[in-house]
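Asker:
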Amino acid sequence: MFYKNARIFCSDHQFHLGAFEVKNGLFGQVLPDTVPEDAIDLQGATVIPGLIDVHNHGNSGADFSDGDYEGLKKMAKYLAKSGITSFAPASMTLPYDVLEKAFATARQLVEAAPEGHSRLMGIQMEGPYFSEKKKGAQNGAYLKNPDFEGFKALYEGCGGLVRIVDVAPELPGAEEFVEKASKLCTVSVAHTDSDYAHAKAAFARGATHLTHLYNAMPGVHHRNPGVIPAAVENPHVRAELICDGMHIHPASVRLAFAMFGGHRMILVSDALRCCGMPDGEYELGGQPVFLAGGVAKLADGTLAGSATNLFDCMRNAILFGIPEADAVRASTINPACALGVQDKVGSITTGKYADFIICRSDYTGKRVFMSGKEI
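Taking the working numbering, the leading residue of the sequence shown gets 66, the next gets one more, and so forth.
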């Protein structure tokens with residue numbers, strides 16, 4: 066099946082007017098010279114790859130860390146309908162046995178691959194190797210120093226599905242952990258009170274990711290630069306950004322893209338189980354969370370994750386002044402690269418899964434397709 070007269074976000078990270086083919090659930094020809102007469106005319110509609118959220122705790126009342134398979138399916142169905150066709154659920158700072166149970170449900174979803182559900186392409190292990198000072202909404206009762214053997218057991222137990230593991234680089238044993246873990250997956254600096262030297266050392270040892278830039282880390286000071294300049298200076302480091310309009314001021318969103326460039330930014334939702342739900346009381350890592358007016362906070366007023374999905378975060382970024390191509394790139398191929406799945410998803414490229422979104426130029430009225438089938 067061919068689609069023509071589409072404004073396509075192509076693998077060169079630019080928009081081109083033309084056609085593309087879907088064949089056996091995969092993308093076939095992209096921008097072919099000739100198009101069959103029976104091709105579907107999209108009349109100039111914008112077509113982008115399905116979005117990929119590498120930092121998502123939950124939605125629809127379910128949380129990945131619950132370790133409930135039906136809850137994880139509910140999450141994946143909501144995401145697919147929202148245009149997030151691939152995701153990496155994020156765990157919380159919890160005991161290993163709780164994480165093991167949650168990771169097992171992830172493996173179960175991968176093996177079942179139910180139609181019409183977002184593809185689970187990995188796990189982000191957010192915690193427990195964090196700083197007490199910057200724990201944010203993480204449960205301090207379960208914090209641990211970096212523990213490679215413990216991590217490796219969890220990694221192997223879920224068949225290597227952990228694709229991002231987070232760590233505060235100032236903790237004892239962090240450098241050794243980064244060096245070993247980076248041979249298995251992406252290592253991210255997160256929930257840290259690190260100074261510049263410890264952060265720079267972690268990036269030199271193999272960390273290539275920064276979890277929710279600005280949040281749960283020191284701000285930039287001209288005499289004590291800290292984590293952020295250390296990340297900016299290393300060309301191999303990508304940075305996540307929560308663009309729900311609550312966590313980060315629009316000016317700081319623009320600054321982030323100016324510092325890292327569109328090729329190194331990753332938009333994330335950091336969504337909680339309250340995403341897609343009414344105001345009220347919810348739970349996060351054993352702590353009560355209160356959603357009011359679209360803002361989720363702990364009882365002490367600490368800002369928790371978001372109640373916004375990644376598609377809306379991408380739209381926000383564009384509204385905040387981020388170039389459209391950069392916002393789309395940060396929601397598609399960049400996160401695919403962070404998970405190491407860029408050969409399967411993340412761009413409209415021959416041979417990849419035909420996961421795509423058809424929408425208006427203002428990103429409204431979207432239609433979502435997975436493996437070429439409309440959801």
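Heads up, the beta-carbon is just placed ideally off N, CA and C, and yes, glycines get one too.
Excluding the 5 residues preceding and the 5 following Val100 in the sequence, name in chain order all residues of the same chain whose CB lies nearer than 8 Å to its CB.
Answerer: Cβ within range, chain order: Phe67, Lys69 and Ala84.
Asker: Does the segment 89–97 come close enough to the segment 336–353 that 3 or more CB-CB pairs lie under 8 Å?
Answerer: no
Asker: Let me know if His286 comes out buried or exposed under the rule of 16 or more other beta-carbons within 10 Å of its beta-carbon.
Answerer: Its Cβ having fewer than 16 others within 10 Å, His286 is exposed.
Asker: Might you give, ordered along the chain, the residues of its own chain that have their beta carbon closer than 6 Å to the beta carbon of Arg394, omitting 5 neighbours on each side?
Answerer: His78 and Gly327
Asker: Got a sec, what are the start and stop residues for the alpha helix (DSSP H) Val297 sits in?
Answerer: Val292 to Glu298
Asker: Output yes or no for whether 8 Å exceeds the beta carbon distance between Pro300 and Tyr261.
Answerer: Not a contact, by the Cβ cut-off of 8 Å.
Asker: Do Leu375 and Ser317 have their CB atoms nearer than 8 Å?
Answerer: no
Asker: Would you say the beta carbon of Val95 comes nearer than 7 Å to a heavy atom of the ligand MG?
Answerer: Of ligands this structure carries none, so the ligand MG is not represented either.
Asker: Taking C-alpha atoms, which residue in Ser196, Lys245, Ala167 and Gly416 lies nearest to Asp128?
Answerer: Ala167
Asker: Using a Cβ-Cβ cut-off of 8 Å (strictly less than) and excluding sequence neighbours within five positions of Gly416, which residues of its own chain qualify?
Answerer: Leu91 and Phe92
Asker: Let me check one thing: in DSSP terms, what residues is Asn124 bridge-paired to?
Answerer: Ala127
Asker: Taking 8 Å as the threshold (C-beta atoms), are Phe195 and Ala264 in contact?
Answerer: no
Asker: To the nearest angstrom, report how far apart Gln407 and Val297 are at their CA atoms.
Answerer: Rounded to the nearest whole angstrom, the C-alpha separation of Gln407 and Val297 is 23 Å.
Asker: Can you list, in chain order, the residues of its chain with a C-beta nearer than 6 Å to that of Ser253? Leave out the 5 residues immediately preceding and following it.
Answerer: Hits under 6 Å: Ile229, Asp231, His274 and Thr276.
Asker: Give the straight-line distance between the Cα atoms of Ile423 and Glu197, rounded to the nearest whole angstrom.
Answerer: 44 Å
Asker: So is Asp427 buried or exposed if we call it buried at 16+ other beta carbons inside 10 Å?
Answerer: Exposed, by the Cβ-count rule.
Asker: Would you call the CB atoms of Thr150 and Leu174 closer than 8 Å?
Answerer: no
Asker: Once DSSP output is grouped into helix, strand and coil, what is the label at His263?
Answerer: helix
Asker: Taking 8 Å as the threshold, find out whether the segment 303–319 comes into contact with the segment 386–403 through three or more Cβ pairs.
Answerer: yes
Asker: For Gly341, I'd like the list of residues in its chain whose CB is within less than 7 Å of its CB, leaving aside the five on either flank, ordered along the chain.
Answerer: Asn124, Ser125 and Tyr143
Asker: Got a sec, what are the start and stop residues for the alpha helix (DSSP H) Met157 sits in?
Answerer: Careful: Met157 lies outside any alpha helix (DSSP H) and carries neither H nor E.
Asker: Output the distance between the C-alpha atoms of Asp309 and Asp377, rounded to the nearest integer angstrom.
Answerer: 7 Å
Asker: Please classify Asp231: does DSSP put it in a helix, a strand, or coil?
Answerer: strand
Asker: Could you check if Ala357 is buried or exposed, using at least 16 other CB atoms within 10 Å of its CB as the buried criterion?
Answerer: exposed
Asker: May I have the straight-line CA-CA distance separating His312 from Ala361, to the nearest angstrom?
Answerer: Approximately 10 Å between the Cα atoms of the pair.
Asker: What do you reckon, are the CB atoms on Arg172 and Cys250 nearer than 8 Å?
Answerer: no
Asker: What span of residues does the alpha helix (DSSP H) with Ile383 cover, start to end?
Answerer: Leu375 to Leu384
Asker: Here's a check: name, in chain order, each residue in its chain whose Cβ is nearer than 6 Å to the Cβ of Lys245, leaving out the five neighbours to either side.
Answerer: So the qualifying residues of the chain are Phe213.
Asker: Where Ala155 and Glu165 are concerned, what is the direct C-alpha to C-alpha distance, given to the nearest angstrom?
Answerer: In a straight line, the C-alpha of Ala155 is about 13 Å away from that of Glu165.
Asker: Please name the residue in Lys200, Met282 and Gly271 whose C-alpha comes closest to that of Leu363.
Answerer: Lys200
Asker: Report buried or exposed for Gly192, applying the criterion of at least 16 other Cβ atoms within 10 angstroms of its Cβ.
Answerer: buried
Asker: Determine the closest residue to Lys138 out of Thr429, Met186, Gln203 and His182, with distance taken between C-alpha atoms.
Answerer: His182
Asker: Which residues share a DSSP beta bridge with Phe67?
Answerer: Glu86
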